[in-house]
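One structure is given here, and the rest of the page talks about it.
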Amino acid sequence: MYQQGTSICMEASSTDNKPEFEKTSYQQLLIADLKKEIEMARKLDSEKLASEIQKIGFSCQHCGKCCRRAFGDNRVAVIPSEIERIREYTDLSKLEVAGPFVTEDSIPDGEEESEEERPETSFGALEENEESFSPDRLESFKDYIDCEGKVHAFGWILRRKRNGDCIFLERDTYKCRIYPVRPMLCSTYPFYIEELKLQTCECEGLGSPISIEESRKMTENLLFRYISELEDTLDLYENFVDFRRGEQGLKLAKKSLENGTFTFIVHDSKGSTEISG
Ligand code: SF4
């Protein structure tokens, strides 16, 4: 399910205490490209997009496969405004709703556990969730580790259970427990727009008839999502200041992982959040 925009390897600081570093020419180029894409996205022909969607066809089969790890990459990238909406709806904390987005899918095959052993929970007592981070995996994040051994991540994904399924997926019915406030990625699935072009993900519902009214509604949601995500990324780029890397960073990160004092710094359009432990 996962789709995400350009990955960046610039560096960030909290917006509360932002040092005034000059952006490099590469960073300035990224920002200029993004502004251009936003401008062009606003001019996309919605009627043409709606007719493309109608031609492709789609009807949700309610199989829940897009929310389950066993059927592929089910990560759901979310922006701060989406986390906030879900947080208000569920009364969960920000960190119970979402975790750091890391560049690879972190649930290896074979880690699924027996569902029968785990009772369904309410929002107030969510099932323990996912994303174990082993010292071996740290090697592949070398470029994202600063000289103090903290791992920098860009953006958020919805939390998942230990078996990798979305924490908001109802176990027996495959219904979404946050349907009215589900992320834009979920409400527009299996469609997305990339570099101004309509794209689709793998989905059993593709090819089924869809009315022009439903196609127009999907187009409206898709364009809203595309522009919101681009604008959010632009804010992230503009707030972003480089962090210092160093030889000892990886070693310190491994040590802190072993001691249970591991720290992530998550950068988003609102600044940065430090998550320890
Ligand atoms: S939020 Fe809802 S629709 Fe989205 S992945 Fe989770 S269960 Fe599925």
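Letter 139 of the sequence shown, counting from 1, is numbered 139 in full-length UniProt numbering, and no numbers are missing.
Cβ atoms here follow ideal geometry from the backbone N, Cα and C, with glycine treated the same way.
Between the Cα of residue i and those of the options, spot the shortest distance and give me the residue it belongs to.
i	options	result
residue 365	GLU238, LYS270, GLU84, MET218	What is shown of the chain runs 1 to 277, which leaves residue 365 out entirely.
ASN221	ARG244, ASP232, MET184, PRO209	MET184
CYS63	ARG171, SER81, PRO80, ALA41	ARG171
SER46	ILE157, LYS254, PRO209, TYR226	TYR226
GLY249	SER140, ASP232, SER272	SER140
ASP165	PHE101, ARG68, LYS175, VAL102	ARG68
ASP143	GLU247, ILE275, LEU30, PHE262	GLU247
Would you mind giving the Cβ-Cβ distance between residue i and residue j, rounded to the nearest angstrom? I have them listed as a contact below 8 Å.
i	j	result
PHE224	ILE53	About 15 Å; that fails the 8 Å criterion.
CYS203	TYR189	7 Å
If you draw a straight line from the alpha carbon of residue i to that of residue j, how long is it in whole angstroms?
i	j	result
PRO119	LYS35	With a pLDDT of 47 at PRO119, under the threshold of 50, the predicted position of this residue should be treated as unreliable, and no value is reported.
GLU195	ALA98	26 Å
ASP232	ILE212	30 Å
GLY57	LYS48	14 Å
ALA77	LEU158	7 Å
SER81	LEU230	13 Å
ILE210	SER59	7 Å
Per DSSP, what kind of secondary structure is residue i in: helix, strand or coil?
i	result
SER276	strand
CYS166	strand
GLN61	coil
LYS161	strand
LYS48	helix
CYS176	strand
LYS270	coil
Compare the C-beta of residue i with all C-beta atoms of chain B and state if any pair is closer than 8 Å.
i	result
SER215	In the displayed structure, chain B is absent; only one protein chain is listed.
Is the stretch 144 to 152 touching the stretch 83 to 94 in the sense that three or more CB pairs, one from each, lie closer than 8 Å? Two segments are said to touch when three or more pairs of C-beta atoms, one from each, lie closer than 8 Å; by this definition the stretch 83 to 94 does not touch the stretch 144 to 152.
Is the stretch 256 to 274 touching the stretch 151 to 159 in the sense that three or more CB pairs, one from each, lie closer than 8 Å? A contact between stretches requires three or more CB pairs, one per stretch, nearer than 8 Å, and the stretch 151 to 159 meets this requirement with the stretch 256 to 274.
- Given 8 Å as the limit, is there contact between the stretch 83 to 90 and the stretch 241 to 257, that is, 3 or more CB pairs closer than that? Contact between the stretch 83 to 90 and the stretch 241 to 257 is absent, because fewer than three Cβ pairs lie under 8 Å.
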